[in-house]
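According to numbering that gives the first Met the number 0, the residues represented by the sequence shown are 0 to 367, in order. Positions of the beta carbon are idealized from the N, C-alpha and C atoms, including for glycine. Quantities reported herein were computed from a predicted structural model and do not represent experimental measurements.
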Amino acid sequence: MTITAESFNRPATWADVFFVARESEVAIPEGGENQVWDYSNVQYTDDRVRNYEAADNAEYPTATSFYSTPNTFQSFTYPSGLYEVKDEQRWGELGTFFETQNFGITPLTGGPTDTLTFPGRAARVGESGTRRLIFPTTFGSSWVDEFTGSEQFELSVAGFGLNGTPGERRGVNRAEREVIGYGQLILRGDMGNAPNVEYEVLLVRSIETSTDSIFLGGAPAPAPLLAAFQLTQGAMAADTIYEFYGLTDIGAPLFRYNTSTAGDATIFRPQRQGITSVSNPALLRSAVYPNPAPAGSRLSFAFSEAIPARSTFVLRSLDGRPVHRQSIGAATDIISIIPSPLVRPGVYIYSFLSAEGRLLGSGKVLME
0 MTITAESFNR
10 PATWADVFFV
20 ARESEVAIPE
30 GGENQVWDYS
40 NVQYTDDRVR
50 NYEAADNAEY
60 PTATSFYSTP
70 NTFQSFTYPS
80 GLYEVKDEQR
90 WGELGTFFET
100 QNFGITPLTG
110 GPTDTLTFPG
120 RAARVGESGT
130 RRLIFPTTFG
140 SSWVDEFTGS
150 EQFELSVAGF
160 GLNGTPGERR
170 GVNRAEREVI
180 GYGQLILRGD
190 MGNAPNVEYE
200 VLLVRSIETS
210 TDSIFLGGAP
220 APAPLLAAFQ
230 LTQGAMAADT
240 IYEFYGLTDI
250 GAPLFRYNTS
260 TAGDATIFRP
270 QRQGITSVSN
280 PALLRSAVYP
290 NPAPAGSRLS
300 FAFSEAIPAR
310 STFVLRSLDG
320 RPVHRQSIGA
330 ATDIISIIPS
340 PLVRPGVYIY
350 SFLSAEGRLL
360 GSGKVLME
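Below, the structure written as structure tokens:
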């Protein structure tokens with residue numbers, strides 16, 4: 000079995016629906032030839048939607064698409080776009096792009112005017128990006144990516160005599176990927192409402208390591224500042240990731256198991272939860288108003304046609320985590336929602352799912 004650029008269907012604009020599994024039910028897959036990996040008993044704890052849009056950014060001229068995702072620096076989180084590329088040689092990530100972000104840090108440092116600023120920029124993943132998959136790829140294929148990532152910031156702390164002092168969290172990264180097996184993957188069908196589904200797949204194992212160093216004013220950051228931000232000089236992280244890829248309409252792993260120093264995580268895409276083009280007539284056209292909307296205000300959604308009874312509305316943060324979920328009783332083409340008081344100002348993704356977990360429509364809303 001061989002996966003080529005032509006068989007790996009990943010359009011520029013689409014909605015990716017996937018599910019988070021209970022880690023306790025997942026066994027680490029073993030490599031080898033003609034294997035059978037049966038994960039049909041895996042239950043899910045939550046569903047996620049990630050909306051991809053066609054890329055149009057001069058900083059990433061070769062990018063094919065991007066999606067909104069949060070950047071996180073310790074307890075500070077801000078929105079960004081992650082850009083990826085899919086061409087004749089590979090599918091991978093190029094880097095992120097974000098506008099300037101400024102945070103007050105008085106609770107950390109005690110200074111009433113102390114700030115942490117992330118200058119707007121394109122944060123590239125090395126010189127040419129990563130290679131999640133190479134084309135063509137088959138059993139025995141292997142490749143290695145090495146790159147240095149840079150997260151830049153400016154720090155103003157009166158107590159340390161810092162005023163817009165440039166800083167950097169520099170990460171040295173290495174990813175070793177190898178196709179260690181092929182065979183048959185068995186997943187539950189359509190969230191358990193259909194027979195199990197069997198896929199012919201390749202099993203790709205990725206061993207990823209990173210080491211972070213923190214600099215301030217061109218020199219290693221002083222220990223008191225590291226302690227204030229709960230940072231560790233030379234901090235290391237390691238992940239071992241197993242991904243199953245098949246010759247399906249899904250240009251993404253059918254099943255992904257990640258064991259790391261930060262904990263384990265598993266996602267999967269059951270039957271018919273693959274590529275859904277945002278412009279596909281299968282997705283209902285929707286509009287939300289007001290947009291932008293004051294936090295805590297009522298949102299009204301209008302659809303091109305009625306959504307079916309027993310559908311579900313889900314509002315998610317940019318990392319795909321649900322912050323508000325609400326059942327829709329009767330079929331209707333206009334819906335009003337008052338989000339949870341926990342929904343803070345920011346950009347959110349909304350989606351409507353059928354009773355079977357099928358994506359019906361999605362979009363973005365800005366809460367002010």
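What residues are listed by DSSP as bridge partners for D86? DSSP, once it has assigned bridges, lists no residue as partnering D86.
In whole angstroms, give me the CA-to-CA distance for I2 and L81. 24 Å
Give me, in chain order, the residues of the same chain whose beta-carbon lies closer than 6 Å to that of R173; leave out the 5 immediate sequence neighbours on both sides. E145, T208
For S39 and V16, the rounded distance between their alpha carbons: 18 Å
Given P321, which residues of its chain have a CB within under 6 Å of its CB, disregarding the five upstream and five downstream residues? V313, R315
Would you check if the stretch 336 to 354 and the stretch 295 to 308 touch, i.e. whether three or more CB-CB distances between them fall below 8 Å? yes
Burial state of W13, where buried means 16 or more other Cβ atoms lie within 10 Å: Looking at its Cβ environment, which holds 16 or more other Cβ atoms inside 10 Å, W13 is buried.
Quick check: the stretch 168 to 185 against the stretch 199 to 218, are at least 3 beta-carbon pairs closer than 8 Å? At 8 Å Cβ cutoff, the stretches touch.
Cβ atoms of T114 and G103: under 8 Å apart, would you say? yes
Going by beta carbon distance, what residues of the same chain come within less than 6 Å of R255, once the five residues before and after it are set aside? E242, I266
Where T370 falls: helix, strand or coil (DSSP): A query on residue 370 cannot be resolved here, the shown segment of the chain reaching from 0 to 367 and no further.
Rounding to the nearest angstrom, what Cα-Cα distance links G295 and L225 in this structure? 37 Å
Could you pull the DSSP bridge partners for Q151 from this structure? E167
Which whole-angstrom value describes the C-beta separation of L93 and G128, a residue pair presumed to lie in contact below a C-beta threshold of 8 Å? Between L93 and G128 a beta carbon distance of about 4 Å is seen, short of the 8 Å cut, so the two are scored as contacting.
As assigned by DSSP and simplified to three states, the class of F351: strand
Is A14 close to chain C, meaning its C-beta is less than 8 Å from at least one C-beta of that chain? Absent here is chain C; the protein component of the structure consists of one chain.
Going by beta-carbon coordinates alone, are Q100 and L230 separated by less than 8 Å? no
Between F7, E87, A308, D248, which lies nearest to T331 when the distance is taken from Cα to Cα? Nearest C-alpha to T331: A308.
Kindly indicate the opening and closing residues of the alpha helix (DSSP H) around A226. Per DSSP, A226 belongs to the alpha helix (DSSP H) from 222 to 227.
Suppose only complete runs of 3+ residues qualify. What are the beta strand (DSSP E) ranges in the stretch 3 to 88, listed by chain order? 13 to 20, 31 to 37, 43 to 53, 64 to 72, 75 to 85
With a CB to CB cut of under 6 Å and the five nearest residues on each side skipped, what residues in its chain are close to P280? Note that P280 scores 38 on pLDDT, short of 50, meaning its location in the model is unreliable; the coordinates nonetheless yield the value given after this. So no residue of the chain qualifies.
I'd like the span of the beta strand (DSSP E) that includes M0, first residue to last. Where M0 is concerned, there is no enclosing beta strand (DSSP E), given that its DSSP letter is neither H nor E.
Would you report the Cα separation of P219 and T105, rounded to the nearest angstrom? 23 Å
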